[in-house]
Amino acid sequence: MKIAMPVNDKKMEDGICPSFGRTPYFLIYDTESKEEKYLDNSAASSQGGAGIKAAQTLVDNKVDALLTPRCGENAAEVINAADIKIYKTTNDSIMDNIDSLNAGKLSLLDNIHAGLHNHGGK
Amino acid sequence: MKIAVLSGKGGTGKTLVSVNLAASANESIYIDCDVEEPNGHLFLKPIDITSEKISIKIPIADEKLCNGCRKCVDFCKFNALAYINKKLIVFNEVCHSCGGCTLLCPQKAISETEKVIGEVQKGVSDNVTVITGILNIGEASGIPVIKKLLSYCDNDGKDVFIDCPPGSACIVMESIKDADYCIMVAEPTLFGVHNLNMVFELVKLFKKPHGVVLNKCLDEENPAEKYCIENNIKVLGKIPFDNELGKLNSNAKIVAREINKYKTLFSSLLQEVTKEVQHETVINP
Numbered sequence: 031m032k033i034a035m036p037v038n039d040k041k042m043e044d045g046i047c048p049s050f051g052r053t054p055y056f057l058i059y060d061t062e063s064k065e066e067k068y069l070d071n072s073a074a075s076s077q078g079g080a081g082i083k084a085a086q087t088l089v090d091n092k093v094d095a096l097l098t099p100r101c102g103e104n105a106a107e108v109i110n111a112a113d114i115k116i117y118k119t120t121n122d123s124i125m126d127n128i129d130s131l132n133a134g135k136l137s138l139l140d141n142i143h144a145g146l147h148n149h150g151g152k
Numbered sequence: 387m388k389i390a391v392l393s394g395k396g397g398t399g400k401t402l403v404s405v406n407l408a409a410s411a412n413e414s415i416y417i418d419c420d421v422e423e424p425n426g427h428l429f430l431k432p433i434d435i436t437s438e439k440i441s442i443k444i445p446i447a448d449e450k451l452c453n454g455c456r457k458c459v460d461f462c463k464f465n466a467l468a469y470i471n472k473k474l475i476v477f478n479e480v481c482h483s484c485g486g487c488t489l490l491c492p493q494k495a496i497s498e499t500e501k502v503i504g505e506v507q508k509g510v511s512d513n514v515t516v517i518t519g520i521l522n523i524g525e526a527s528g529i530p531v532i533k534k535l536l537s538y539c540d541n542d543g544k545d546v547f548i549d550c551p552p553g554s555a556c557i558v559m560e561s562i563k564d565a566d567y568c569i570m571v572a573e574p575t576l577f578g579v580h581n582l583n584m585v586f587e588l589v590k591l592f593k594k595p596h597g598v599v600l601n602k603c604l605d606e607e608n609p610a611e612k613y614c615i616e617n618n619i620k621v622l623g624k625i626p627f628d629n630e631l632g633k634l635n636s637n638a639k640i641v642a643r644e645i646n647k648y649k650t651l652f653s654s655l656l657q658e659v660t661k662e663v664q665h666e667t668v669i670n671p
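In structure tokens form, the structure reads like this:
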């Protein structure tokens, strides 16, 4: 399964970014081959609609699941339209959350927020 | 003459100054550009109201014509479009109605549809024509409503008072764009000075002739007045921090119509502003 996570840096040891739309990078991780790939999030500098653009990038990269601490409603609409599952991360460690997902311990993100629109900080 | 009344934050007295100046003129037009929370009508209580819906254009895609090239998605600076599962998704509330996607689509698959975002109400309150802009809750931008409001400015010599939204963002820029003169209303606090500074920067940027009305003045030192002196800004008038005025104003009364003292205050303020505008037209035609 190919999963995506918003991350602070291009390494597995670093943490998950609390912002989905304006995260600096996305980790694209293959749970079978354990292959990791990092995407620069071009949406981070958008004037608006960052969540929509970031979600489009993930859809285009054909991921099966998104692991994120939170997700806005516009981004969720894009992700859902592509039948990608959104899981809620439990802490900010990348490996912990991948392990939890593999063990079937992650739950789906159910509190989709109305969008922070630049008021969420980092 | 067109006078815009603005301030760096809400609650400084923009509406107090605007409605009272409008009431003090012989015949005037009051335009409420604070479309997110218009309140001038509460004071002026206009009658014979007519209203007009304001709509914007939103793109709509024809799935049969769209070939998924995504030129529109890449073009949209506001990211209002996404292309998922061979279907274009339009986020109406993110769209700024620039029309770029419609122009750009090589397949001519995008057309535009109207979406109502608010309305403009027009009524009369004695000597004042009252024009109010109302933006529907949840809409991204009030600019289309303000554009329509200001189209009523082309008057037959009546004085126009534009009650601006608070702050110094795009919506304020749109409101002062065609003004002949800007009145900045300021409070006598350090916070008030900070906010005054914001709008002062804006009116300088727009090269608008300007002056300040000091509101809520006490006998003690006034930081906003000090700021005006330091920056060589004309002080047009002072409104005292007065219990009676406060009470009347919170009961939605127009003080210039109620009490002689305030009738005089706003009449002389109007004279002062008129003098400034005429002066500007002479030295800066």
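Heads up: the protein sequence lines correspond to chains A and B, in order. Residues in the first sequence are numbered consecutively from 31, following our numbering. Residues in the second sequence are numbered consecutively from 387, following our numbering. Positions of the beta carbon are idealized from the N, C-alpha and C atoms, including for glycine.
- Going by C-alpha positions, HIS482/B is about 42 Å away from GLY134/A.
- Contact of LYS620/B with chain A by beta-carbon distance below 7 Å is absent, the smallest such distance being about 36 Å.
- Excluding its 5 nearest sequence neighbours in each direction, ILE389/B has C-beta neighbours in its own chain below 8 Å: LEU407, ASP545, VAL546, PHE547, ILE548, ALA565, ASP566, TYR567, CYS568, ILE569, VAL659, VAL663, listed in chain order.
- In the DSSP assignment, ASP549/B falls within the beta strand (DSSP E) that extends over 545-549.
- For TYR55/A, the enclosing beta strand (DSSP E) covers residues 55-60.
- For GLU438/B, DSSP records a beta bridge to VAL506/B.
- Taking a C-beta distance under 9 Å as the contact criterion, VAL641/B and LEU631/B qualify as a contact pair.
- Straight through space, the alpha carbons of VAL405/B and ILE619/B are spaced by roughly 23 Å.
- Non-local beta-carbon contacts of GLU413/B in its own chain, meaning distances under 7 Å to residues more than five positions away in sequence, involve ASN513, LYS544 in chain order.
- Using a Cβ distance threshold of 9 Å, VAL516/B and GLN86/A do not count as a contacting pair.
- For HIS427/B, the enclosing alpha helix (DSSP H) has its first and last residue at 426-430.
- Looking at the DSSP output, MET570/B shares a beta bridge with LEU392/B, VAL598/B.
- One finds ASN465 in chain B with Cβ atoms closer than 7 Å to the Cβ of SER76/A, taken in chain order.
- Across the set ALA466/B, ASN471/B, LYS473/B, the C-alpha of ALA466/B shows the shortest separation from the C-alpha of GLY485/B.
- The way I'd put it, the region 411-431 of chain B does touch the region 550-558 of chain B; three or more beta-carbon pairs between them come closer than 8 Å.
- Annotation for THR401/B: the continuous alpha helix (DSSP H) segment containing it runs 400-410.
- Residue environment for SER63/A: exposed (fewer than 16 other C-beta atoms within 10 angstroms of its C-beta).
- For GLU62/A, no Cβ of chain B is located within less than 9 Å of the residue's own Cβ.
- DSSP places GLU66/A inside the beta strand (DSSP E), whose first and last residues are 66-70.
- In chain order, VAL421, ILE440, GLY504, GLY519, LEU521 place their CB closer than 6 Å to the CB of VAL531/B, counting only its own chain and leaving out the 5 sequence neighbours on each side.
- Among the residues facing chain A, ILE470/B is included, as its CB has a counterpart in that chain under 9 Å away.
- For LEU97/A, the closest C-alpha among the options LYS41/A, PRO48/A, GLU43/A is that of PRO48/A.
- The contact set of VAL459/B on chain A, defined by CB atoms closer than 8 Å, consists of GLN86 in chain order.
- Residue nearest to MET35/A within the set GLU65/A, PHE56/A, GLY51/A is PHE56/A (criterion: CA-CA distance).
- Beyond the five residues adjoining it in sequence on each side, LYS649/B comes within less than 6 Å, by CB distance, of ALA642 in the same chain, given in chain order.
- Listed by position along chain B, the residues whose Cβ is nearer than 8 Å to that of ALA73/A are ASN465.
- Counting the other CB atoms within 10 Å of its CB gives PRO492/B a total below 16, which places it among the exposed residues.
- Using beta-carbon distances, ILE475/B counts as an interface residue toward chain A, with a partner under 9 Å.
- Look at ASP113/A: its C-beta is under 9 Å from a C-beta on chain B.
- Within the same chain, VAL37, ASN38, ILE124 come within 8 Å of ASP44/A by CB-CB distance, once the 5 residues on both sides are set aside.
- Collapsing the DSSP output to three states places ALA468/B in a strand.
- Relative to ASP605/B, the option among LYS594/B, ILE625/B, GLY396/B whose CA is nearest is ILE625/B.
- Pairing THR667/B with PRO595/B, the inter-Cα distance amounts to about 10 Å.
- Taking all protein chains shown into account, MET387/B has 16 or more neighbouring C-beta atoms within 10 Å of its C-beta and is therefore buried.
- Residues of chain B with a Cβ closer than 7 Å to the Cβ of VAL89/A are, in chain order, ILE470.
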